[in-house]
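Under this note's numbering, think of the first position of the sequence shown as 47, with each following residue one higher. Here a beta-carbon is modelled for each residue, glycine too, at the ideal position from N, C-alpha and C.
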Amino acid sequence: MLNFNDIDLEQIINVISIEKPLISSRTNYSKDISSRHGEKYNGFKYSPKPIKVKADIKRNSEEEYQSALDELSSALDVQGECPLYIDDSGRFFFAVPEGDYEEDKICDGFGRIVIEFVCYVPFAYSKEAKQFDGDYLIECMNEGNTDCHPIIDIGLSQDCHFVQVENLENNKKILIGTYPELVNETIKEKATVLSDNCEQTTDWTAGS
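Structure representation (structure tokens):
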């Protein structure tokens, strides 16, 4: 399976192999403290995960081959990170194509190509969405096996002043909107600033 940005690339190419590291390369950090033996461990980070796809493109004519290349180019021409599925596990990476696509032309209508993706967040996300319904407070748990940035979509069934997302482990918060000021009356926002059918000129002010 090879699906990128909701496009089934296997309808365009015949996948030979997909290469990716089991775990992205890890960089450890430490501090060298004077008068102390060795160094103090100070955390680590994983590098972006590279994914390399080797594939064949085979068509009955050179014209159809070039058309397939154009179709592939359009599928890979994205403006930002998109979901990339490389197997049937239901998990996906956020990826973008990187570099030039190495093409090895074998004969008319047939060639091999190498496509490289880079996943700047080196973790896979689950396709299965967790839906939580509530009025005021909802607690969501990370059910994966590593810490990573969550994907949160919020749908509102009625007007509200703000939405607050809080990490209960470190009490860090993100506030979208503003707290209401109880001393001021809340006025519902309107998109229409002026509405006039312009059927009369009474009370108009003369101008140049």
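If you check the CB distance, I152 and V99 do not come in under 8 Å. Only exposed fits A252, as fewer than 16 other CB atoms lie within 10 angstroms of its CB.
Of T192, E215, S172 and H207, the smallest CA-CA separation from I198 is found for S172. Excluding the 5 residues flanking it on each side, P96 has same chain C-beta neighbours closer than 6 Å at V164, in chain order. Taking C-beta separations shorter than 7 Å and ignoring five residues to either side along the sequence, the partners of E149 in its chain run G157 and I159, following chain order. In the same chain as E65, and ignoring 5 residues on each side of it, the C-beta atoms closer than 6 Å to its own belong to K98, in chain order. A straight-line Cα-Cα distance of about 18 Å links Q57 and C128.
For K77, the CB contacts under 8 Å within the same chain, skipping 5 residues up- and downstream, are E85, K86 and N88 in chain order.
Between M47 and D134, the CB-CB gap stays under 8 Å. Classified as buried, L118 has 16 or more neighbouring CB atoms from the shown chains inside 10 Å of its CB. A buried status is given to I59, since no fewer than 16 other beta-carbon atoms sit within 10 Å of its beta-carbon. With respect to the 8 Å criterion, I53 and A114 are not classified as neighbours on the basis of their beta carbons. Of the candidates S63, R105 and F169, F169 places its Cα closest to the Cα of S71.
Beta-bridge pairing by DSSP links I159 to A101 and E149.
Annotated three-state conformation of A237 is coil, per DSSP. Each residue's CA atom was taken as its position, placing K218 and N188 some 16 Å apart.
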